[in-house]
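Input: a single structure, listed below in structure tokens.
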């Protein structure tokens, strides 16, 4: 298992979807940082106390060569565990904690 | 509208950044405010699906674009350098970015494992190519460019060995080293005709000591 990791910018709707599906999605950025390679992004470590976000772990190894402290899971190069679904990257996760919704 | 900040980089607004500018290849030890003070680049606040971020995009003389990104809550200090996802030679791209920013490899705290840091040193060929392209940019009619006054200053200072260094403010390395002050001024005027170099006084007079600079003639 890899983790814990956390994210800080998921909406309540997104967090509900993550809890229901056990998957975290990453969209190919729109507007700025437009990319054809969708990727899931996260921060390393536990969700800091007092922050609103979601903490998780996963069996999928982060991309090699990612920025220290900021793991990613990209759909290219193709590999097991990172699903390319339309313009999304998806990985299976186990949510450890979330402070976005009650 | 792009802004020319110096003779080596041009700032691009975030909404005009090239598609695919999303691959991090290195992290600078500098925070956005330090980069702004050294290069004149202005950071804008935006969001991606991770967090709030500060970002600036710039184009170098070769035409390549780069992004500098600092996520608000990232656990490590520093600012990431992003290149285009289609770039094959990560090292060459990073070298061009550093050259544009006039930063040194030692100012990186992390580089992508595919990059050999020892190969990031500027090669004469790269410098010549950049100079050629820069000359082309300079020949472009000014009416088609948005010019912003250079925010950096060029200094001429005496070195311990008696020679004179021409150095941009904030730069660790000299752009040129000349045997005399007049040769250094001549070099600065030839290579940067639109910049008035700040010349270190080498004699103590009633008008100021070494730390009091005068404008180059």
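Protein chains in written order, with our numbering: chain C, 1 to 102; chain H, 1 to 217.
Even glycine gets a Cβ: it sits at the ideal position worked out from N, Cα and C.
The structure displayed is predicted, hence computed values, not measured ones.
Hey, is residue i's beta-carbon within less than 7 angstroms of any beta-carbon in chain C?
i: residue 16 of chain H; result: no
i: residue 147 of chain H; result: Residue placement at residue 147 of chain H is poorly supported in this model, since its pLDDT is 34, which falls under 50; the coordinates are not used for a value here.
i: residue 68 of chain H; result: no
i: residue 94 of chain H; result: no
i: residue 159 of chain H; result: no
i: residue 143 of chain H; result: Since pLDDT at residue 143 of chain H reaches only 41, below the 50 mark, its modelled position is unreliable, and the value read off the structure follows with that caveat. It does not; no Cβ of chain C falls within 7 angstroms.
i: residue 20 of chain H; result: yes
i: residue 85 of chain H; result: yes
i: residue 10 of chain H; result: no
i: residue 168 of chain H; result: no
i: residue 75 of chain H; result: yes
i: residue 13 of chain H; result: no
i: residue 197 of chain H; result: no
i: residue 223 of chain H; result: Residue 223 of chain H lies beyond the range of chain H shown here (1 to 217); nothing can be said about it.
Is residue i close to chain H? Criterion is C-beta to C-beta, closer than 7 angstroms.
i: residue 98 of chain C; result: no
i: residue 59 of chain C; result: no
i: residue 37 of chain C; result: yes
i: residue 41 of chain C; result: yes
i: residue 18 of chain C; result: no
i: residue 5 of chain C; result: no
i: residue 47 of chain C; result: no
i: residue 171 of chain C; result: The question about residue 171 of chain C has no answer here: the residues shown for chain C are numbered 1 through 102.
Can you name, in chain order, every residue of its own chain whose Cβ lies under 8 angstroms from the Cβ of residue i, other than the five neighbours on each side?
i: residue 53 of chain H; result: 45, 46, 47, 69, 70, 71, 72
i: residue 95 of chain C; result: 18, 19, 22, 54, 55, 56
i: residue 82 of chain H; result: 21, 22, 23, 24, 25, 66, 67, 68, 69
Could you name the residues of the same chain whose beta carbon sits closer than 6 angstroms to that of residue i, not counting the 5 residues immediately before and after it, in chain order?
i: residue 90 of chain C; result: 23, 25, 83
i: residue 86 of chain H; result: 20
i: residue 51 of chain H; result: 71, 72, 73
Please list, in chain order, all residues of the same chain as residue i whose beta carbon is under 7 angstroms from its beta carbon, the five residues on each side excluded.
i: residue 100 of chain C; result: 10, 12, 15, 52, 53, 54
i: residue 187 of chain H; result: 166, 176, 178
i: residue 180 of chain H; result: 164
i: residue 114 of chain H; result: 90
Do the region 78 to 85 of chain C and the region 13 to 20 of chain C touch if we need at least three Cβ pairs shorter than 8 angstroms?
no
If the cut-off is 7 angstroms on Cβ atoms, which residues from the region 67 to 79 of chain C count as contacting chain H, listed in chain order?
67, 68, 69, 70
As an exercise, report each continuous alpha helix (DSSP H) stretch of at least 4 residues that is fully enclosed by the region 11 to 66 of chain H, in chain order.
32 to 39
Residues, ordered as in the chain, of the region 44 to 66 of chain H that lie near chain C by beta-carbon distance below 8 angstroms
46, 47, 48, 49, 50, 51, 52, 55
Which full runs of the beta strand (DSSP E) of 3+ residues lie inside the region 19 to 99 of chain C, going along the chain?
23 to 27, 39 to 41, 54 to 58, 72 to 74, 83 to 85, 88 to 92, 94 to 98
Three or more C-beta pairs closer than 8 angstroms, one from the region 86 to 102 of chain H and one from the region 41 to 48 of chain C: is that the case here?
no
Interface residues of the region 22 to 44 of chain H facing chain C [CB-CB below 8 angstroms]:
22, 24, 27
Count the C-beta pairs between the region 53 to 66 of chain H and the region 31 to 45 of chain H that are closer than 8 angstroms, then say yes if the count reaches three, no if not.
yes
At a Cβ cut of 8 angstroms, what residues of the region 110 to 124 of chain H count as close to chain C, listed as they run along the chain?
110, 112, 113, 114
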